[in-house]
Every structure is written in C-alpha cells, then in structure tokens.
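Structure record follows, encoded as structure tokens.
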C-alpha cells in the first residue's frame, strides 16, 4: 500500500509532496475530449461494477432468514431509509424519495472508499464531475417537488418571501434566498464532498510517501527513525478516511433529504 500510495511522488531525487495533479492523471484514451478515459474514470467504473454486483448477489440470494452478507446489506438499506429519509421527511413522504437517496448514499460511499483501497488509492469523488452530477440531481428534484406541490409562483413566494418579515427586509433577504436555492444548496453538497476527499487523499499520500522516503530511500541513515512516526500516521489517516467516507455519504444524503423536504413544506 505504501508503494501504491506513493506512486508518482517518489524518484531517485528524493521526497516529493502530493499535489492537485494527482486528481488529473494522464489520459489513457480519447485525450482532451469529453470522452477521455483516465485512471479516475477506471476507478469509477470498477466501483460501480462492484457496487452493482453486491446488490445483485444480495437480491438473488435473499432468504427469509438472512445470512451475514444479506443482513449487512439490509442493515445499510434500512439505515438510509429509517435514519435519513424517514427521519427527515416522515414515512409517507419518504416513500417517493427512498430510491433516489439510497442510490446517492451508496454511490458516494462506494466512490469515497476507493481512496483507501490498495491499487486504486484515489477517491472517485475527489474530482468535481460526480459530486456535481449528484448535486444537480438533488437541485432538479427539490425544484420539481416544490413546483409540483405549490406551483412555480407559490414555490418562489414561499422561498423568497417568508412570512412575518418586515417588507423592507425583503430587499436584502430575497436575493440571499434566491442565491441559496440556486447556488448555495447544491454548492454546499458538491464542495463539501470534493474538499474532504481531496484533503484526505493528500494526507494519505503525504504520510505514505514520507514513509517510503524514510524507510527505503533513506535506508542506512538517521532519517529511518522518522518512518516509525509516518507509517502509524498513515494507518491512522487510512482508518480516519474510512470514517470520513461514511460521514460524507451520510451528510450528502441527509442534506438532500432536508432540501427536498423544505421544498415541500408550506412555510420556511
């Protein structure tokens, strides 16, 4: 894992720090086009195939008395349904949005965890494309839900002109509210996810590249002792990134449920 994480950051000249170029690997095919295939594209495909395989196998082997594998999958499905969607939206309203929010949660979770899997070592959500697509899905959904229930005028009135506010305040409040439903809500979903995955990757590579430098490149020197610090730090950051991967999937799905629910409420 040390070698895989440090790939591209070490050479005979010594230690090199990670950079944003990690997230833009060289093209494998169709370079400089919208169809460009690179390492992160392959990671996304692998993660998608694995995720689909898990659910297909769980569905085909489903039993009345579940085994450990089925029980684990069902636990995660129930967690999303009960602890996220129904907790925010209520049982009746949640039924319509459980499939969407479950898809979002598991997609983000699988894509986040690729950052700590040896051989992949890069979160598929660490580049803006997937988080942007999911944020736009949420954006379109809460606009559609609000307009469908209240009509366009009613939806805009409920969001831009909240009741109980002195009318002069609307000159300040209304532009802020418009910015929120157009930019801040989807932007908060997207930026939070990308920023956490980028920061986590840089921390991982820094720890493991430093470990390789101290234990291998600096073999026989006094610097080897520092490897006793960077290696445990790298293991700790790896475990922490697993936790962050779960938390970011949870937060994204939770906020998506909150935004959709707010669009359906009578008053804000």
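In my numbering, the protein residues as written are 2 to 269. Where is the CB? At the ideal position from N, CA and C, for every residue including glycine.
The C-beta of residue 27 has fewer than 16 other C-beta atoms within 10 Å across all chains shown, which makes the residue exposed. C-alpha of residue 89 to C-alpha of residue 56: approximately 25 Å in a straight line. Taking C-beta atoms as the reference points, residue 86 and residue 99 count as a pair closer than 8 Å. Close CB contacts of residue 40 within its chain, under the 6 Å cut and outside five residues either way in sequence, are with 26 (chain order). Less than 8 Å divides the Cβ of residue 129 from the Cβ of residue 195. Three or more Cβ pairs closer than 8 Å define a contact, and the stretch 239–249 falls short of that threshold against the stretch 140–154. Residue pairing from DSSP leaves residue 170 without any beta-bridge partner. Considering only 131, 21, 261 and 43, the residue with the shortest C-alpha distance to residue 147 is 261.
In this chain, residue 96 is not harboured by any alpha helix (DSSP H), its DSSP state being neither H nor E.
DSSP places residue 136 in the helix class (H, G or I) of the three-state scheme. The three-state secondary structure of residue 38, taken from DSSP, is strand.
Nearest neighbour of residue 44 by Cα position, chosen from 111, 190, 165 and 179, turns out to be 111.
Scanning its chain for C-beta atoms nearer than 8 Å, with the 5 sequence neighbours on each side dropped, one finds around residue 227 the residues 211 and 215, in chain order. Minimum Cα-Cα distance from residue 52 among the listed residues 108, 242 and 159 corresponds to 108.
Taking C-beta separations shorter than 6 Å and ignoring five residues to either side along the sequence, the partners of residue 191 in its chain run 132, 133 and 136, following chain order.
Across the structure, residue 242 and residue 266 are spaced so that their CA atoms are roughly 36 Å apart.
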